[in-house]
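For reference, the structure is listed below as structure tokens.
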Amino acid sequence: MSRIDVLRKNYQRICSLPWDEHVAGPQRVWMAVYDKEDERKLRFRLGLFKEATEQAGHQWHAIDFTDAFADWLCSPPYSDYAESYFESPTRLGTAPMAAFKKSVASQLTDALRAVEPAENTVVAVYGVASLFGFLRISEILPLFENNIRGRLLVFFPGVYEQDNYRLLDARDGWNYHAVPITSTEGELRR
């Protein structure tokens with residue numbers, strides 16, 4: 030069985046369990062952790078996760094952040110930064126990056142508020158590797174976690190070890206209270 034198949038199987042087991050409606054926002058976040066080398070395989074098989082969600086009796090709503098930075102940079106009023114960014118990426122200062130972080134958090138917040146029935150919906154986020162170098166997932170999760178009424182599934186290319194998540198195996202990890210779902214056979218934490 031491939032690692033993506035194992036990840037889907039572990040996800041389906043978590044998704045099929047009864048959802049406690051009295052948990053805090055961070056416990057409503059599921060981190061589907063997979064090897065960064067499996068990004069294209071995961072995207073190709075994303076429909077299997079939707080199918081597993083629906084088989085468990087829940088709704089599915091997906092958000093792709095692959096183009097989030099490019100879309101933000103090309104939208105007014107931030108398009109003024111585009112030319113200087115392409116000339117020298119280090120020129121993009123703190124204020125524009127704070128605006129980008131706010132934009133990403135707003136997109137997630139809007140999606141979480143728009144889904145119905147919210148308490149029975151998995152909002153799945155993929156393409157987060159594209160945010161690498163611009164912002165950290167650990168910085169944006171606290172900005173919207175109180176708006177999660179169902180479950181938020183973050184497809185996370187990286188590693189999970191000793192209660193720490195590391196995106197793309199590149200940065201020091203951070204400890205977060207999300208439920209980890211890994212592509213390791215037989216491993217399931219709740």
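Start counting the sequence shown at 30; every next residue gets the next number (our numbering).
Ideal placement from N, C-alpha and C gives every residue a C-beta, glycine not left out.
Keep in mind the model is a prediction, meaning the values are calculated, not measured.
Could you round the C-beta distance between residue i and residue j to whole angstroms and report it? I think they count as a contact, below 8 Å.
i	j	result
F129	L170	15 Å between Cβ atoms; not a contact.
E68	P186	5 Å
E148	E50	7 Å
S159	F98	7 Å
Taking the CB atoms as reference points, tell me whether residue i and residue j lie closer together than 8 Å.
i	j	result
F94	V188	no
Q41	A81	yes
T211	G179	no
A134	F78	no
V152	L141	yes
A111	C103	yes
W89	S132	no
P118	Y107	no
T123	N176	no
T27	V52	Outside the modelled stretch of the chain, which goes from 30 to 219, sits residue 27, for which no answer is possible.
For residue i, collect the residues of the same chain with a Cβ closer than 7 Å to its Cβ; drop the 5 residues on either side in sequence, then sort them by chain order.
i	result
A207	P55, V58, W59 and M60
L71	I33, Y63 and F184
P105	none
L121	Y110 and Y114
Residue i lies in the beta strand (DSSP E); which residues open and close that run?
i	result
Q88	Q88 to D93
T211	V208 to T211
Closer than 8 Å by C-beta to residue i: which residues in its own chain qualify, once you throw out the five before and the five after it? Chain order, please.
i	result
R219	Low confidence applies here, because R219 scores a pLDDT of 47, under 50, leaving its location unreliable; read the following figure in that light. Contacts found: I43, L46 and V208.
V144	Q88, H90, T150, V152 and G179
A85	Q41, C44 and S45
E168	K130
Quick one: residues in its chain with C-beta nearer than 6 Å to the C-beta of residue i, no 5 flanking neighbours on either side, listed in chain order?
i	result
M30	none
H87	N149 and V151
K38	none
R74	I33
For the alpha helix (DSSP H) containing residue i, list its first residue and its last residue.
i	result
L36	R32 to S45
Output yes if chain B places a C-beta closer than 8 Å to the C-beta of residue i; else output no.
i	result
Y110	As a matter of chain content, chain B is missing from the structure shown, which is built from one protein chain.
Every unbroken alpha helix (DSSP H) within the stretch 144 to 180, with a cutoff of 4 residues, ordered by chain
166 to 173
Taking only runs of the beta strand (DSSP E) that begin and end inside the stretch 53 to 136, which ones reach a length of at least 3 residues, in chain order?
58 to 63 and 88 to 93
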